[in-house]
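S.K.:
Protein chains: 2
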Amino acid sequence: MKNVTIKDVAKAAGVSPSTVSRVISDSNRISEETKELVRRTMRELGYHHNAIARSLVTQKTNTIGLVMARPTQQAFANPFFSGIIQGIAAVTQKEHYSLILSSTGDYREEQEETLKLFRNRRVDGVILMSSRRNDELIDQLIKSGYPFVLIGRSPEHEGIPIVNNDNIKDTYDTVAFLLKRNYKKIIALSGPEEYIVSQDRAQGYIQALREHGNMDPEIICVADFKFEDAYQGVLDYIKENRKKFDAILAFDDMLALGAIRAIQEQGLRIPEDVGIIGFNDEPMLSYLKPALSTVRLPIHRMGEEAARMLIKMLNDDSYKGEEIILSTELIIRDTVR
Amino acid sequence: MKNVTIKDVAKAAGVSPSTVSRVISDSNRISEETKELVRRTMRELGYHHNAIARSLVTQKTNTIGLVMARPTQQAFANPFFSGIIQGIAAVTQKEHYSLILSSTGDYREEQEETLKLFRNRRVDGVILMSSRRNDELIDQLIKSGYPFVLIGRSPEHEGIPIVNNDNIKDTYDTVAFLLKRNYKKIIALSGPEEYIVSQDRAQGYIQALREHGNMDPEIICVADFKFEDAYQGVLDYIKENRKKFDAILAFDDMLALGAIRAIQEQGLRIPEDVGIIGFNDEPMLSYLKPALSTVRLPIHRMGEEAARMLIKMLNDDSYKGEEIILSTELIIRDTVR
DNA sequence: TTGTAAGCGTTATCAA
DNA sequence: TTGATAACGCTTACAA
Numbered sequence: 001m002k003n004v005t006i007k008d009v010a011k012a013a014g015v016s017p018s019t020v021s022r023v024i025s026d027s028n029r030i031s032e033e034t035k036e037l038v039r040r041t042m043r044e045l046g047y048h049h050n051a052i053a054r055s056l057v058t059q060k061t062n063t064i065g066l067v068m069a070r071p072t073q074q075a076f077a078n079p080f081f082s083g084i085i086q087g088i089a090a091v092t093q094k095e096h097y098s099l100i101l102s103s104t105g106d107y108r109e110e111q112e113e114t115l116k117l118f119r120n121r122r123v124d125g126v127i128l129m130s131s132r133r134n135d136e137l138i139d140q141l142i143k144s145g146y147p148f149v150l151i152g153r154s155p156e157h158e159g160i161p162i163v164n165n166d167n168i169k170d171t172y173d174t175v176a177f178l179l180k181r182n183y184k185k186i187i188a189l190s191g192p193e194e195y196i197v198s199q200d201r202a203q204g205y206i207q208a209l210r211e212h213g214n215m216d217p218e219i220i221c222v223a224d225f226k227f228e229d230a231y232q233g234v235l236d237y238i239k240e241n242r243k244k245f246d247a248i249l250a251f252d253d254m255l256a257l258g259a260i261r262a263i264q265e266q267g268l269r270i271p272e273d274v275g276i277i278g279f280n281d282e283p284m285l286s287y288l289k290p291a292l293s294t295v296r297l298p299i300h301r302m303g304e305e306a307a308r309m310l311i312k313m314l315n316d317d318s319y320k321g322e323e324i325i326l327s328t329e330l331i332i333r334d335t336v337r
Numbered sequence: 001m002k003n004v005t006i007k008d009v010a011k012a013a014g015v016s017p018s019t020v021s022r023v024i025s026d027s028n029r030i031s032e033e034t035k036e037l038v039r040r041t042m043r044e045l046g047y048h049h050n051a052i053a054r055s056l057v058t059q060k061t062n063t064i065g066l067v068m069a070r071p072t073q074q075a076f077a078n079p080f081f082s083g084i085i086q087g088i089a090a091v092t093q094k095e096h097y098s099l100i101l102s103s104t105g106d107y108r109e110e111q112e113e114t115l116k117l118f119r120n121r122r123v124d125g126v127i128l129m130s131s132r133r134n135d136e137l138i139d140q141l142i143k144s145g146y147p148f149v150l151i152g153r154s155p156e157h158e159g160i161p162i163v164n165n166d167n168i169k170d171t172y173d174t175v176a177f178l179l180k181r182n183y184k185k186i187i188a189l190s191g192p193e194e195y196i197v198s199q200d201r202a203q204g205y206i207q208a209l210r211e212h213g214n215m216d217p218e219i220i221c222v223a224d225f226k227f228e229d230a231y232q233g234v235l236d237y238i239k240e241n242r243k244k245f246d247a248i249l250a251f252d253d254m255l256a257l258g259a260i261r262a263i264q265e266q267g268l269r270i271p272e273d274v275g276i277i278g279f280n281d282e283p284m285l286s287y288l289k290p291a292l293s294t295v296r297l298p299i300h301r302m303g304e305e306a307a308r309m310l311i312k313m314l315n316d317d318s319y320k321g322e323e324i325i326l327s328t329e330l331i332i333r334d335t336v337r
C-alpha cells in the first residue's frame, strides 16, 4: 500500500496540490466548501502529511535536540537528568515538536554530536546541560548562530539564554541556615570542579563562611557525583582529621548519601553529631531513614522552561532568549537538628 | 552564509552532483583521484550532508522512536525508564541512528503519538514498553507493517519481536528461595494488574506456592508502582490481619521501599520478623539500611538489545526479529535472613 | 568512471 | 479563490 500524498488527495478531490497544501495549513484564502471537500477526501484516503518533505522546503525540522555525555549523566546520578528530560518532553509534546535524544561517551563527542545535529539539519535548536569552564561548544554555537538554551550557566558567556537556579545564593543561604542552627564547623562535599555548578556552590559556601562563620572553608572534592566517591572521601577525611566538623553540605544528594554512610559507620550520630544537607531532592531519598534534608531544585520545571524558551526563540526571530533563574526550596527533614 | 549543498561541491570540484553523491556513499565506481578531489572540496567548503533531503529520497529516516506514557513512567519510578533509555541511546549512537523521545499523558495518547511518528514518516521503527492486556497499539502496528520491538511481552501476540526477562520463572525462583530460607508465609505486593509484567509475576508467585508452599497465595495489589501506595497497602494489610506473614515479595523496588517503611513502623524487624525482596535493583536502594535484597534486571542491556534488534530488522528485510529473554540475578543483601 | 535527468512530497511564488 | 510551476537537496536509474 503506497503512501497517500498530497497529489493523490488533489486528484481525488479534483483540485490542485497547492490547494490541498493550503487546506492543510488552513489558509484563509480557500473557500469553506473546498476545505470541507479536501478534508473529507484526506480522511477517506487516509492522508498524513510527510514531515520530511515539509522540512525540506520549510527548512525547519520542528525538532529540538538534547545531547548528554554519559559520564556526566552517570555522574549526576540519574534522577536529575530524567527529570529534566521529562520536563522538556512535556513541552515539546504540547508544542508539537519532536525531541531527539543523543547520548555520547564524553565531552568531546558531545560537542561533535551537537554540531552534527545542526549541520545535518536534524534539529532547529538544542538544549545544553552541564556547562563547564571554557565551554568550547557554546563558543561554536554562538559563532554559527545555532539556537540553544543552556540549563546552568557559563561565566564566560554573558547574556546567553539560560535556565538556572542561583547556586551561589542558594548555597550561601543554606550555610547561613546551618550556622543559625548552631552548627559550628561546616565542611562542603563537592563533585568535579570543572562544572560551573560545583564552582558556584563552592563560592556560595565560602562566602557564607567568610561573612558569618568563624571557621575556614574546607571542601572535600571528589572525582564524581557518586556514592562511592563521597563515601570514601568523607571516610578519609574523618580518619585524617579525627572528625573536626559537625555538618556537611553536599553539593548533590548522592554525595550526601555517601557521606551519611561514612559518618554512621564511624559511629557518629545524625543529626546529633553531624548534620547533613544535600542538593536536588531525589524523591527516593526522602523515604530514607534518616530522611535527607536537601535543597530542592525545580528540576522538571527547569526542563520545561528551557524547552519553552528555545521553542519561542525558534518561532520569534526578535526573541533572543533570556535568563530565567528559578528559586529553590530548603527541605528540612531528619538530617539536621 | 548559505548552506553548502552537493551542487556547490560539484561545481567547485568540476564534477557532477551525482559524482559527489557517490563519493559520499563511497561508491566503488568512482576513481580514487576523483574521490580525493571531491573530499578535499567538501572539506574546503565545509559541506555536511542534509539528512532531511536524503530521507526524502531514500524513504528512511534513520531514526527510531520511543514513546512513553507519563503515568507509566512515574509508576515504575524513574530509574527503570532512564536505564532503558540509556541502553537504547548507547546503541542508536553507535549505529548512527537518531532517537526520538516522546512522552504523552496517557495510554490513548501514547498510541496516537506512536502511530503519528510512523505516519508522518519521522521514524523507521519504534520501541514499545509497558505492554498491557489487549494492547491495541500492537495490533495496529502489526496491521500496518510498522517495525517495532517490545520490551516486555504480549500474550495475545505470539512470535512478535520482544526483549524480556522470564518474569514467571524469575518470580517462581525467588519465592522458592524464600521458602528454602524457611519463610512460611509469603505475600506478594503488586502494582496495577493491567500490566503484563504484574500478571506474569503474580503467576510465578502463585505457581511456586502451589508447588512448594503450604499457604494460599495472597497478593496485595496497589494502584501504582509507588512508595505511598505500597506503604498504605501494607499498613492496611498488617492492621487488618494482625500480621500473618513473614515475607513480602514486592514486584518493584519502590514497592519494597514502601513495604519496609510500613513494616518498620509497626515495630516489626527486618529481616528477623519479615523478609523482603524487591524487583529491578535500583542502584540507590543498595545504599539503604537495611540494604534491599532484590531481583536484578539487566535494564540497560534490555534497552540495548531492543535497539539492536530493531535496527537489524530495519536493515535486513529477511530478519523479522526474535524473542530475547535475558536472565536476572537474585541479589541478597540485608532484607532477608 | 562519470554525467543527465527524474523524482521524493512538500511549500511558495506568481499568475490567473 | 485557485492552479501551474519552481524550488528544497539529495539519490538513482539510465546513458554515455
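One line per chain: the protein sequences are A and B, in this order.
The first sequence: position 50 = 50 (my numbering), numbered continuously.
The second sequence: position 91 = 91 (my numbering), numbered continuously.
All C-beta atoms in this analysis are idealised placements derived from N, C-alpha and C, irrespective of residue type, glycine included.
Check whether chain A comes within 9 Å of B/Asn280, counting only Cβ atoms and requiring the distance to be less than that.
M.R.: Position 280 of the second sequence holds residue 280 of chain B. Closer than 9 Å: no.
S.K.: Report, in whole angstroms, the separation of the C-beta atoms of B/Ser293 and B/Arg333, which I expect to be a contact under 8 Å.
M.R.: Counting from 1 along the second sequence, the entry for residue 293 of chain B is found at position 293. Counting from 1 along the second sequence, the entry for residue 333 of chain B is found at position 333. That belief holds up - the Cβ atoms of B/Ser293 and B/Arg333 are roughly 5 Å apart, short of 8 Å.
S.K.: Let me check understanding here. Comparing Cα to Cα, which of A/Pro161, A/Leu115 and A/Gly105 lies closest to A/Met68?
M.R.: Indexing the first sequence from 1 puts residue 68 of chain A at position 68. Answer by Cα proximity: A/Gly105.
S.K.: Cα separation between B/Glu228 and A/Gly233?
M.R.: The residue given as residue 228 of chain B occupies position 228 in the second sequence. The residue given as residue 233 of chain A occupies position 233 in the first sequence. About 34 Å.
S.K.: With which residues is A/Met129 paired in a DSSP beta bridge?
M.R.: Here residue 129 of chain A refers to the residue found at position 129 when the first sequence is read from its first residue. Paired residues: A/Ile151.
S.K.: Does any C-beta atom of chain A lie closer than 9 Å to the C-beta of B/Gln203?
M.R.: As a working mapping, residue 203 of chain B is identified with position 203 in the second sequence. Not an interface residue.
S.K.: Tell me where the alpha helix (DSSP H) around B/Ile270 begins and ends.
M.R.: What you label residue 270 of chain B is simply residue 270 of the second sequence in a count that begins at 1. Looking at the DSSP string, B/Ile270 is not in any alpha helix (DSSP H), and its letter there is neither H nor E.
S.K.: According to DSSP, simplified to helix, strand and coil, what is A/Thr63?
M.R.: Taking the first sequence and counting its residues from 1, one reaches residue 63 of chain A at position 63. Note: A/Thr63 maps to strand in three-state DSSP.
S.K.: With a threshold of 16 other CB atoms inside 10 Å of the CB of B/Tyr231, please say whether the residue is buried or exposed.
M.R.: Residue mapping note: residue 231 of chain B aligns to position 231 of the second sequence, counting from 1. By the 10 Å Cβ count, B/Tyr231 comes out buried.
S.K.: At the level of alpha carbons, what is the spacing between A/Phe317 and A/Ile85?
M.R.: As a first step, residue 317 of chain A is located in the first sequence; it is residue number 317 there, counting from the start. As a first step, residue 85 of chain A is located in the first sequence; it is residue number 85 there, counting from the start. At residue 317 of chain A the sequence reads Asp, which differs from the Phe that was named. Looking at the two C-alpha atoms, the distance is approximately 25 Å.
S.K.: Of all the CB atoms in chain A, is at least one closer than 9 Å to the CB of B/Ile140?
M.R.: Taking the first residue of the second sequence as position 1, residue 140 of chain B is located at position 140. For the record, residue 140 of chain B in the displayed sequence is Gln; it is not Ile. No, B/Gln140 does not count as interfacial toward chain A.
S.K.: Quick one: give me the first and last residue of the alpha helix (DSSP H) that A/Val295 is part of.
M.R.: Residue mapping note: residue 295 of chain A aligns to position 295 of the first sequence, counting from 1. Taken as a continuous stretch (DSSP letters only), A/Val295 belongs to no alpha helix (DSSP H), being part of the beta strand (DSSP E) at Ser293 to Arg296.
S.K.: Given that A/Met284 touches chain B, what residues does it touch there, using C-beta distances under 7 Å?
M.R.: Here residue 284 of chain A refers to the residue found at position 284 when the first sequence is read from its first residue. Correct list: Met284.
S.K.: Return helix, strand or coil for A/Ala230, following the three-state DSSP convention.
M.R.: In the first sequence, residue 230 of chain A corresponds to position 230, counting from 1. Here A/Ala230 sits in helix by DSSP.
S.K.: Strictly below 7 Å CB to CB, what residues from chain A border B/Arg119?
M.R.: As a position in the second sequence, residue 119 of chain B is number 119, starting the count at 1. Correct list: His48.
S.K.: Just how far apart, CA to CA, sit A/Ser55 and A/Thr61?
M.R.: As a position in the first sequence, residue 55 of chain A is number 55, starting the count at 1. As a position in the first sequence, residue 61 of chain A is number 61, starting the count at 1. Looking at the two C-alpha atoms, the distance is approximately 5 Å.
S.K.: 9 Å is my cut-off, CB to CB: does A/Pro147 come that close to chain B?
M.R.: What you label residue 147 of chain A is simply residue 147 of the first sequence in a count that begins at 1. Taking Cβ atoms only, chain B never reaches closer than 9 Å to A/Pro147, which makes this a no.
S.K.: Is the distance from the Cβ of A/Ile30 to the Cβ of A/His49 below 9 Å?
M.R.: Start at 1 with the first residue of the first sequence, and residue 30 of chain A comes out as number 30. Start at 1 with the first residue of the first sequence, and residue 49 of chain A comes out as number 49. Their beta carbons are not under 9 Å apart, which means A/Ile30 does not touch A/His49 by this criterion.
S.K.: Within the 9 Å Cβ cut-off, does A/Glu113 reach chain B?
M.R.: Reading the first sequence from its first residue, position 113 is the one you call residue 113 of chain A. Answer yes: the Cβ-Cβ gap between A/Glu113 and chain B drops below 9 Å somewhere.
S.K.: Less than 6 Å between C-beta atoms, sequence neighbours within five positions excluded: which residues of the same chain meet that for A/Leu37?
M.R.: For this step, residue 37 of chain A is matched to residue 37 along the first sequence. For A/Leu37, where only same-chain residues beyond five positions count, the Cβ hits under 6 Å are Ala13.
S.K.: Between the alpha carbons of B/Gln93 and B/Ile64, how many angstroms are there, rounded?
M.R.: For the purposes of this step, residue 93 of chain B is identified with residue 93 of the second sequence, where counting begins at 1. For the purposes of this step, residue 64 of chain B is identified with residue 64 of the second sequence, where counting begins at 1. Taking the straight line joining both Cα atoms gives about 11 Å.
S.K.: In chain B, which residues lie less than 8 Å from A/Tyr287 when you measure between Cβ atoms?
M.R.: For the purposes of this step, residue 287 of chain A is identified with residue 287 of the first sequence, where counting begins at 1. Under a criterion of Cβ atoms nearer than 8 Å, the residues of chain B adjacent to A/Tyr287 are, in order, Phe227, Leu257, Gly258 and Arg261.
S.K.: Where does B/Gly204 sit, in a helix, a strand or coil, going by DSSP?
M.R.: For the purposes of this step, residue 204 of chain B is taken as residue 204 along the second sequence, with counting starting at 1. If DSSP states are grouped into helix, strand and coil, B/Gly204 belongs with the helices.
S.K.: Going by the beta-carbon positions, is the gap between A/Gly163 and A/Ala306 smaller than 9 Å?
M.R.: Position 163 of the first sequence holds residue 163 of chain A. Position 306 of the first sequence holds residue 306 of chain A. Before going on, a small fix: residue 163 of chain A reads as Val here, not Gly. In this structure, A/Ala306 lies closer than 9 Å to A/Val163 by Cβ.
S.K.: According to DSSP, what are the bridge partners of A/Val23?
M.R.: On the first sequence, residue 23 of chain A is found 23 positions in, with the first residue counted as 1. BP columns for A/Val23 are empty, so no partner.
S.K.: In terms of residues, what are the limits of the beta strand (DSSP E) holding A/Ser102?
M.R.: Taking the first sequence and counting its residues from 1, one reaches residue 102 of chain A at position 102. Where A/Ser102 is concerned, the enclosing beta strand (DSSP E) stretches over Ser98 to Thr104.
S.K.: CB A/Glu113 to CB A/Ser102, shorter than 9 Å?
M.R.: Start at 1 with the first residue of the first sequence, and residue 113 of chain A comes out as number 113. Start at 1 with the first residue of the first sequence, and residue 102 of chain A comes out as number 102. Yes, the Cβ-Cβ distance between A/Glu113 and A/Ser102 is below 9 Å.
S.K.: Determine, using beta carbons only, whether B/Gln232 comes closer than 9 Å to chain A.
M.R.: Translated into positions along the second sequence, residue 232 of chain B becomes position 232. Chain A, which has no Cβ nearer than 9 Å to the Cβ of B/Gln232, makes this no.
S.K.: Does any residue of chain B bring its CB to less than 9 Å from the CB of A/Ala247?
M.R.: Taking the first sequence and counting its residues from 1, one reaches residue 247 of chain A at position 247. It does not: the Cβ of A/Ala247 has no partner Cβ on chain B nearer than 9 Å.
S.K.: In its own chain, which residues sit with a C-beta less than 8 Å from the C-beta of B/Leu45, not counting the 5 before and 5 after it?
M.R.: To locate residue 45 of chain B, count along the second sequence from 1; it is residue 45. Val4, Asp8, Val9 and Ala12, listed in sequence order.
S.K.: Taking a contact to mean a Cβ-Cβ separation below 9 Å, would you say A/Ile248 touches A/Gly213 in this structure?
M.R.: As a first step, residue 248 of chain A is located in the first sequence; it is residue number 248 there, counting from the start. As a first step, residue 213 of chain A is located in the first sequence; it is residue number 213 there, counting from the start. One thing to note: A/Ile248 has its Cβ no nearer than 9 Å to the Cβ of A/Gly213.
S.K.: On the criterion of 16 or more Cβ atoms from any shown chain inside 10 Å, does B/Thr58 qualify as buried, or is it exposed?
M.R.: As a working mapping, residue 58 of chain B is identified with position 58 in the second sequence. Result: exposed.
S.K.: Taking A/Glu218 as the reference, which of A/Leu189, A/Ile238, A/Phe225 and A/Lys239 has the closest Cα?
M.R.: To locate residue 218 of chain A, count along the first sequence from 1; it is residue 218. The candidate whose alpha carbon is nearest that of A/Glu218 is A/Leu189.
S.K.: Which first and last residues belong to the beta strand (DSSP E) in which A/Leu288 is found?
M.R.: One-based indexing of the first sequence puts residue 288 of chain A at position 288. Taken as a continuous stretch (DSSP letters only), A/Leu288 belongs to no beta strand (DSSP E), as it is neither H nor E.
S.K.: From the DSSP secondary-structure annotation, give me the bridge partner or partners of A/Tyr195.
M.R.: Your numbering for residue 195 of chain A matches position 195 in the first sequence. A/Arg132, per the DSSP bridge assignment.
S.K.: Could you please give me the residues that DSSP links to A/Ala188 through a beta bridge?
M.R.: Sequence index remark: in the first sequence, residue 188 of chain A carries index 188 (1-based). In DSSP, A/Ala188 forms a bridge with A/Ile219 and A/Leu249.
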